[in-house]
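**Student:**
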Amino acid sequence: MKILIVDDSSTMRRIIGNVVMQLGFGKDNFDEAEDGVKAWKLLTEAHYDVILTDWNMPNMNGLELVKKIRSEGTHQKTPIIMITTEGGKNEVITALKSGVNNYIVKPFSAEVLKEKLDGVLKK
Numbered sequence: 001m002k003i004l005i006v007d008d009s010s011t012m013r014r015i016i017g018n019v020v021m022q023l024g025f026g027k028d029n030f031d032e033a034e035d036g037v038k039a040w041k042l043l044t045e046a047h048y049d050v051i052l053t054d055w056n057m058p059n060m061n062g063l064e065l066v067k068k069i070r071s072e073g074t075h076q077k078t079p080i081i082m083i084t085t086e087g088g089k090n091e092v093i094t095a096l097k098s099g100v101n102n103y104i105v106k107p108f109s110a111e112v113l114k115e116k117l118d119g120v121l122k123k
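Residues 1 to 123 in UniProt numbering are what the sequence shown spells out, letter by letter.
Structural data, given as structure tokens:
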């Protein structure tokens with residue numbers, strides 16, 4: 001199981017990584033990227049089973065990354081969970097229409113992330 005964590009905040013990447021490890025995954029089960037450009041580079045080099053991405057990032061934001069993943073490359077069917085402070089109904093709808101499988105609003109608990117991960121991985 002390989003997870004890609006994309007967030008411009010190193011603190012947030014660490015928090016998400018810690019939650020992923022609490023869920024039973026090892027440090028070698030996930031990679032990190034600080035923006036969509038670096039995430040896309042990783043996605044062209046390796047296989048991931050799930051992508052956890054922030055929305056607001058420099059260079060290529062999460063929504064642009066989701067659209068790129070869904071339109072090209074080898075991860076078009078890979079589950080994507082957006083983890084963001086953007087909690088408005090319009091933002092959620094926009095993200096889902098762009099191809100996000102699930103949506104978590106920050107701050108979140110380990111239980112919420114586990115529930116969302118379980119949900120996308122069982123499909």
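C-beta: ideal position from N, C-alpha, C; glycine also.
Determine the direct distance from the alpha carbon of His75 to that of Asn56, and round the result to whole angstroms.
**Tutor:** Distance between the alpha carbons of Asn56 and His75 is about 21 Å.
**Student:** What residue ranges within the UniProt domain "Response regulatory" (2-121) form continuous beta strand (DSSP E) runs of no fewer than 3 residues, ordered along the chain?
**Tutor:** 3-6, 30-33, 50-53, 80-84 and 102-105, all fully within the UniProt domain "Response regulatory" (2-121).
**Student:** Please look up how many angstroms separate the CB atoms of Ala46 and Lys77, rounded, as I've assumed it's under 8 Å.
**Tutor:** That pair is no contact at about 16 Å.
**Student:** Candidates Gly119, Met82, Val100 and Asp118: which alpha carbon is nearest Lys106's?
**Tutor:** The candidate whose alpha carbon is nearest that of Lys106 is Met82.
**Student:** On a Cα-Cα basis, can you pick out the residue from Ala95, Asn101 and Ile51 that is closest to Val6?
**Tutor:** The candidate whose alpha carbon is nearest that of Val6 is Ile51.
**Student:** Return the residue from the list Gly36, Val20 and Pro79 that minimises the CA-CA distance to Asn102.
**Tutor:** Ranking the options by Cα distance to Asn102, first place goes to Pro79.
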